[in-house]
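*Asks:* I'd like to ask some things about the structure below.
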Amino acid sequence: MCRMLYIETEVPQKSVKHMARFALRWWWPENDDGAGAAVQMRDGSVRIEKGLAAPKHLFKRIPLARRFMAHVRAGTHGSRETKNAHPFMTCDGRGAFIHNGIIYGYAALKQRLIAKGHKFTSDTDSEVIMHLGEEVGPEGLTAAMDKEGITGRANWVWMTPEKTFAFSDGSLYLVMNDMGMKVGLFSDISWCETGFFKKPKKLPGGTFVTIENGIVRRKNQQPIKMHTVNYNYTSAPSWLDNDPWWREFILTRSSPSTVKSGDDCVRSPDRPRTDVIRCNLHGTVGYDES
7 MCRMLYIETE VPQKSVKHMA RFALRWWWPE NDDGAGAAVQ MRDGSVRIEK GLAAPKHLFK
67 RIPLARRFMA HVRAGTHGSR ETKNAHPFMT CDGRGAFIHN GIIYGYAALK QRLIAKGHKF
127 TSDTDSEVIM HLGEEVGPEG LTAAMDKEGI TGRANWVWMT PEKTFAFSDG SLYLVMNDMG
187 MKVGLFSDIS WCETGFFKKP KKLPGGTFVT IENGIVRRKN QQPIKMHTVN YNYTSAPSWL
247 DNDPWWREFI LTRSSPSTVK SGDDCVRSPD RPRTDVIRCN LHGTVGYDES
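Counting in the numbering used here, the sequence shown runs from 7 upward without gaps.
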């Protein structure tokens, strides 16, 4: 899935910006469907830059800032276009939103949000989450998703001029008072060596975070329900039947003892981005062609 980060410092620092650029460049080869960033400008407003070029080009366009977040996309809903890259701007033009994950069952909700006047600028599932959050507020977003019957996985970060809100599905890392940062949120820390951060904390699934002036408050909520689709070999697409590598994957990793709970999308290197093999929370292999 996508990768993302949020960083807040006491004062703008070039070293922190370089560190963020390094993380995004590390993630880019597997998440190259778009790159984007949101920064808080000196006047307090939030500015977004995004495109299809590699992160090194993105960071040339964004100014040095005390608060910023960035994202690289591995598309599951929507084609490889700039409009589908993150972040997304809220309808009031004040906040920016990034998401790492995939959700299901949102089609009817999207139509209701459009009818209420929400302006969609992309074809992504991520933007649906943001507009629902505008209706209920960041803290009520997970409960609203559950009420709407939405399932899936979702780490997200929502930055406004005053505060930043975030939600962890169990894979978001929190770093505090380290490497020039007051606060850092990372979708993973595979890009840095062990010991690079002193005490990174992996936030449990269902953790809601509020950040204001470097102060972090955490609250436990119910995690988003996982979308599970049991693999049915007879209904799989023809390319799977003819692909020995995937047949081996199915045969050797389709039991709870060999598939880790909550494994993310595993993509065939020569197939479209929307063709993915998924592993659900029960450890069985699932096929999704959304």
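Where a beta carbon is used, it is the ideal one built from N, C-alpha and C, also for glycine.
1) Determine the direct distance from the alpha carbon of Ile195 to that of Ala76, and round the result to whole angstroms.
2) Are there 16 or more other CB atoms within 10 angstroms of the CB of Asp247, so buried, or fewer, so exposed?
3) What are the complete alpha helix (DSSP H) segments, minimum 4 residues, inside the region 129 to 175?
4) Could you tell me the boundaries of the alpha helix (DSSP H) in which Lys62 lies?
5) Looking at Arg73 and Thr170, is the spacing between their C-beta atoms short of 9 angstroms?
6) DSSP state of Arg118, grouped into three classes?
7) So does Ala29 have its beta carbon nearer than 8 angstroms to some heavy atom of the ligand GTP?
8) Quick check on DSSP: helix, strand or coil for Phe28?
9) To which residues of the same chain is Leu257 closer than 6 angstroms at the C-beta, ignoring the five residues directly before and after it?
10) By the 10 Å Cβ neighbour count, where 16 or more other Cβ atoms means buried, how is Asn219 classified, buried or exposed?
11) With H, G and I counted as helix, E and B as strand and the rest as coil, what does DSSP make of Lys188?
12) Looking at the structure shown, is Asn106 part of a helix, part of a strand, or coil, going by DSSP?
13) To the nearest whole angstrom, what separates the beta carbons of Ala43 and Glu55, a pair I think is in contact under 8 angstroms?
14) Is it the case that the region 187 to 201 contacts the region 123 to 130, given that we only count it when at least three CB pairs across the two stretches are under 8 angstroms?
15) Within 8 angstroms, do at least three Cβ pairs link the region 171 to 186 to the region 205 to 221?
16) Taking a contact to mean a Cβ-Cβ separation below 9 angstroms, would you say Met136 touches Glu14 in this structure?
17) Who pairs with Glu87 in a beta bridge, going by DSSP?
18) Quickly, what does DSSP pair Val6 with across the bridge? List them, please.
19) Can you give me the C-alpha to C-alpha distance between Leu180 and Ala91, rounded to a whole angstrom?
20) Bridge partners for Gly213 per DSSP, in chain order?
21) Pull the bridge partners of Arg73 from the DSSP assignment, please.
22) Take Ile217 and list the residues in its own chain whose beta-carbon comes closer than 6 angstroms to its own, dropping the five residues that flank it on each side.
23) Taking only the alpha-carbon atoms, compute the straight-line gap between Met165 and Ser85 and give it to the nearest angstrom.
24) Using the C-alpha atoms, what's the distance from Ala114 back to Glu16?
25) In this structure, does DSSP put Glu199 in helix, strand or coil?
26) Note down the Cα distance separating Arg48 from Thr96, rounded to an integer number of angstroms.
*Replies:* In short, the structure shows the following:
1) 14 angstroms
2) Note that Asp247 scores 49 on pLDDT, short of 50, meaning its location in the model is unreliable; the coordinates nonetheless yield the value given after this. Per the 10 Å Cβ criterion, exposed.
3) 132 to 142, 147 to 153
4) 61 to 67
5) yes
6) helix
7) This structure simply doesn't include the ligand GTP, nor any ligand for that matter.
8) helix
9) Residue placement at Leu257 is poorly supported in this model, since its pLDDT is 39, which falls under 50; the coordinates are not used for a value here.
10) exposed
11) strand
12) strand
13) 6 angstroms
14) no
15) yes
16) no
17) Answer is none; Glu87 lacks a bridge partner.
18) Residue 6 is absent from the structure shown; the chain starts at 7 and stops at 296.
19) 24 angstroms
20) The question names Gly, yet the displayed sequence has Thr at residue 213. Answer is Ser174, Asn226, bridged to Thr213.
21) Glu14
22) Thr170, Val189
23) 25 angstroms
24) 43 angstroms
25) coil
26) 20 angstroms
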